[in-house]
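Trainee:
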Amino acid sequence: MGYLEYVARRLVRMVLSLVVVSALAFTLLQLAPGSFADIQRANSGSTGMAGAGAQEVAGEFATRYGDEVPAWQQYLVFMKGALTWDLGPSYKYPAQSVESIIAQGFPVSAALALLATTLALAIAIPIGVFAALKQRTLWDSGSMFVLTLGHALPNYLTAVFLVLVFAGAWHVLPAAGWNGPENLVLPVVALAIGPLAVLARYVRSSMLDTLGEEYVTAAIAKGGRPGVVIRKHVLRNSLIPLVTVTGPMLAALMTGTVFIETMFRIPGLGLSFTQAASSRDMPLLMGTTLFFAIILMATNLVVDLLYGLLDPRVRAESGRKLRGPRISRRDIPGADPDQGGRSGVPSLG
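Take the sequence shown: its position 177, counting from 1, is numbered 177 in UniProt numbering, and each next residue is one higher.
(1) Are the segment 112-131 and the segment 196-203 touching by the rule of at least three beta carbon pairs closer than 8 angstroms?
(2) Looking at the structure shown, is residue 100 part of a helix, part of a strand, or coil, going by DSSP?
(3) Could you name each continuous alpha helix (DSSP H) segment of 4 residues or more that falls completely within the segment 105-185, going from the start of the chain to the end?
(4) Among the residues of its own chain, which have a CB less than 7 angstroms from the CB of residue 281, if the five just before and after it don't count?
(5) So, helix, strand or coil for residue 267, using DSSP?
(6) Please identify the residue among 222, 236, 227 and 190 whose C-alpha is closest to the C-alpha of residue 209.
(7) Using only CA atoms, which one of 72, 5 and 15 lies nearest to residue 31?
(8) Quick check: what's the CA-CA separation for residue 272 versus residue 77?
(9) Excluding five sequence neighbours on each side, which residues of the same chain lie with their C-beta closer than 7 angstroms to the C-beta of residue 143?
(10) Measuring straight from C-alpha to C-alpha, what distance separates residue 24 and residue 292?
(11) Would you mind giving the Cβ-Cβ distance between residue 427 and residue 182, rounded to the nearest angstrom? I have them listed as a contact below 8 angstroms.
(12) Tell me whether residue 118 is buried or exposed, calling it buried when 16 or more other Cβ atoms sit within 10 Å of its Cβ.
(13) For residue 4, does the count of other Cβ atoms within 10 angstroms reach 16, so buried, or fall short, so exposed?
(14) For residue 248, name the three-state secondary structure that DSSP assigns.
(15) How about residue 251 and residue 299: do their beta carbons lie closer than 8 angstroms?
(16) In whole angstroms, what separates the C-alpha of residue 219 from that of residue 207?
(17) Whole angstroms are fine: how far does the CA of residue 176 sit from the CA of residue 100?
(18) Quick one: grab the DSSP three-state call for residue 352.
(19) For residue 179, tell me which candidate among 301, 254 and 267 has the shortest Cα-Cα distance.
(20) Along the chain, where does the alpha helix (DSSP H) containing residue 226 start, and where does it finish?
(21) Would you kindly check if the distance between the Cβ of residue 21 and the Cβ of residue 283 is under 8 angstroms?
(22) Determine the DSSP secondary structure at residue 194, reduced to helix, strand or coil.
(23) Count the C-beta pairs between the segment 153-169 and the segment 253-262 that are closer than 8 angstroms, then say yes if the count reaches three, no if not.
(24) I need the DSSP call for residue 213, collapsed to helix, strand or coil.
(25) Using a Cβ-Cβ cut-off of 7 angstroms (strictly less than) and excluding sequence neighbours within five positions of residue 81, which residues of its own chain qualify?
(26) Just the C-alpha distance for residue 111 and residue 275, rounded to the nearest angstrom, thanks.
(27) Tell me where the alpha helix (DSSP H) around residue 399 begins and ends.
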């Protein structure tokens with residue numbers, strides 16, 4: 001029952017957080033200067049409501065939200081529609097509902113995030129493992145320096161560099177578009193570089209902690225071959241905490257592709273969010289913001305539950321308190337990862 005109570009508490013907390021996020025987003029949009037109609041007039045009515053059927057669309061918006069009713073009533077109307085997945089029409093694209101725009105754009109953003117996370121894991125795990133086994137060597141310090149440098153660069157700057165090199169100078173990949181697999185390469189690489197650095201450092205830190213455990217020392221002292229000990233004991237136990245990092249990172253990538261999709265003109269949810277923000281499309285902005293929040297919170301919940309299934313200690317302690325992975329000095333930004341940690345790490349050759 002303790003584990004079920006934990007799940008119930010997390011679900012209640014998730015619902016309350018979503019209400020707070022939606023209320024803050026709606027309030028900030030109401031306080032922001034200007035409106036969708038003002039932007040349309042400034043743009044000479046080139047898009048949206050100022051086109052054909054403007055009066056009919058404006059009447060539908062007034063019926064659903066109404067400028068004459070208080071803002072809190074408009075918020076309640078939106079939340080009622082959100083509960084039934086009926087978010088109404090978009091201001092900028094009146095022929096489409098907000099939920100249909102989300103349904104069309106999210107799979108594209110999710111595909112980019114999944115590919116970027118897979119690429120980051122495929123490169124980060126061997127680099128982190130090898131850096132831990134070669135601690136305090138040139139490979140260890142050099143690889144961590146290069147990865148940290150890549151993580152320090154925003155993904156849009158990385159994307160600009162990749163476009164200049166591979167599309168501008170070498171002409172081997174397209175600079176933008178969404179026409180085939182070749183259009184995936186640059187945006188996926190640009191998204192993967194930052195997570196790759198985080199995951200590699202996390203794998204290295206977890207490996208060093210596991211190498212210092214007594215059962216690893218005992219296995220080596222009893223004559224166990226270093227390669228077998230690493231594969232069967234060290235690597236397996238070191239990668240379990242990686243679940244708690246990969247899940248939220250995947251969700252962050254799914255909801256954080258705004259710059260990449262805008263730069264590469266990819267028709268994902270990030271591009272729709274950017275266009276909604278530039279035109280003050282309140283229904284689409286509210287819908288995408290709430291959807292992003294749901295993805296982040298639901299992913300965190302799934303990761304916590306999955307971690308409890310993978311680690312028996314978490315299941316045993318779930319009635320009192322679920323503890324996450326152990327945080328060492330290596331996980332603290334700015335701290336020296338080689339100081340203050342576990343001493344006596346055995347050499348595995």
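Note that CB positions come from ideal geometry on N, CA and C, so glycine has one too.
Mentor: So, from the data block:
(1) Result yes; three or more Cβ-Cβ pairs closer than 8 angstroms.
(2) For the purposes of this step, residue 100 is identified with residue 100 of the sequence shown, where counting begins at 1. Correct three-state label for residue 100: helix.
(3) As far as the segment 105-185 is concerned, its whole alpha helix (DSSP H) runs of at least 4 residues are 138-152 and 155-162.
(4) Taking the sequence shown and counting its residues from 1, one reaches residue 281 at position 281. Hits under 7 angstroms: 36, 90, 91 and 92.
(5) Position 267 of the sequence shown, counted from the first residue, corresponds to residue 267. Residue 267 falls in the coil class under three-state DSSP.
(6) Residue mapping note: residue 209 aligns to position 209 of the sequence shown, counting from 1. Closest by alpha carbon: 236.
(7) Working through the sequence shown from its first residue, we reach residue 31 at position 31. Minimum Cα distance to residue 31 is reached at 72.
(8) Reading the sequence shown from its first residue, position 272 is the one you call residue 272. Reading the sequence shown from its first residue, position 77 is the one you call residue 77. Between residue 272 and residue 77, the C-alpha separation is close to 22 angstroms.
(9) Numbered from its first residue, the sequence shown carries residue 143 at position 143. Correct list, in chain order: 127 and 131.
(10) Here residue 24 refers to the residue found at position 24 when the sequence shown is read from its first residue. Here residue 292 refers to the residue found at position 292 when the sequence shown is read from its first residue. CA-to-CA, the gap between residue 24 and residue 292 works out to about 14 angstroms.
(11) For residue 427 there is no data in the structure shown, the boundaries of the chain being 1 and 349.
(12) Mapped onto the sequence shown, residue 118 falls at position 118. Exposed, by the Cβ-count rule.
(13) Within the sequence shown, residue 4 is the residue found at index 4, counting from 1. Label assigned to residue 4: exposed.
(14) In the sequence shown, residue 248 corresponds to position 248, counting from 1. In the structure shown, residue 248 adopts helical secondary structure according to DSSP, grouped into three states.
(15) Indexing the sequence shown from 1 puts residue 251 at position 251. Indexing the sequence shown from 1 puts residue 299 at position 299. In this structure, residue 299 lies closer than 8 angstroms to residue 251 by Cβ.
(16) For this step, residue 219 is matched to residue 219 along the sequence shown. For this step, residue 207 is matched to residue 207 along the sequence shown. In a straight line, the C-alpha of residue 219 is about 16 angstroms away from that of residue 207.
(17) On the sequence shown, position 100 is the one that residue 100 refers to. On the sequence shown, position 176 is the one that residue 176 refers to. Cα-Cα distance, rounded: 24 angstroms.
(18) Missing from the structure shown is residue 352; the chain here goes from 1 to 349 and no further.
(19) Position 179 of the sequence shown, counted from the start, is the residue given in the question as residue 179. When each option's Cα is compared against that of residue 179, the closest is 267.
(20) For this step, residue 226 is matched to residue 226 along the sequence shown. Membership of residue 226 in the alpha helix (DSSP H) is indicated by the continuous run 226-229.
(21) Taking the sequence shown and counting its residues from 1, the one referred to as residue 283 is at position 283. Taking the sequence shown and counting its residues from 1, the one referred to as residue 21 is at position 21. Result no, Cβ atoms of residue 283 and residue 21 do not sit closer than 8 angstroms.
(22) Counted from its first residue, the sequence shown places residue 194 at position 194. Correct three-state label for residue 194: helix.
(23) Flag = yes, the segment 153-169 and the segment 253-262 touch.
(24) Against the sequence shown, residue 213 aligns to sequence position 213. In the displayed model, residue 213 falls within coil according to three-state DSSP, outside both helix and strand.
(25) Looking up residue 81 in the sequence shown gives position 81. If we look at residue 81 and ignore the five residues flanking it on each side, its Cβ neighbours are 87 and 88.
(26) Locating residue 111 in the sequence shown gives position 111, where the first residue counts as 1. Locating residue 275 in the sequence shown gives position 275, where the first residue counts as 1. The alpha-carbon separation between residue 111 and residue 275 amounts to approximately 20 angstroms.
(27) The structure shown does not extend to residue 399, since the chain spans only 1 to 349, so no value can be given for it.
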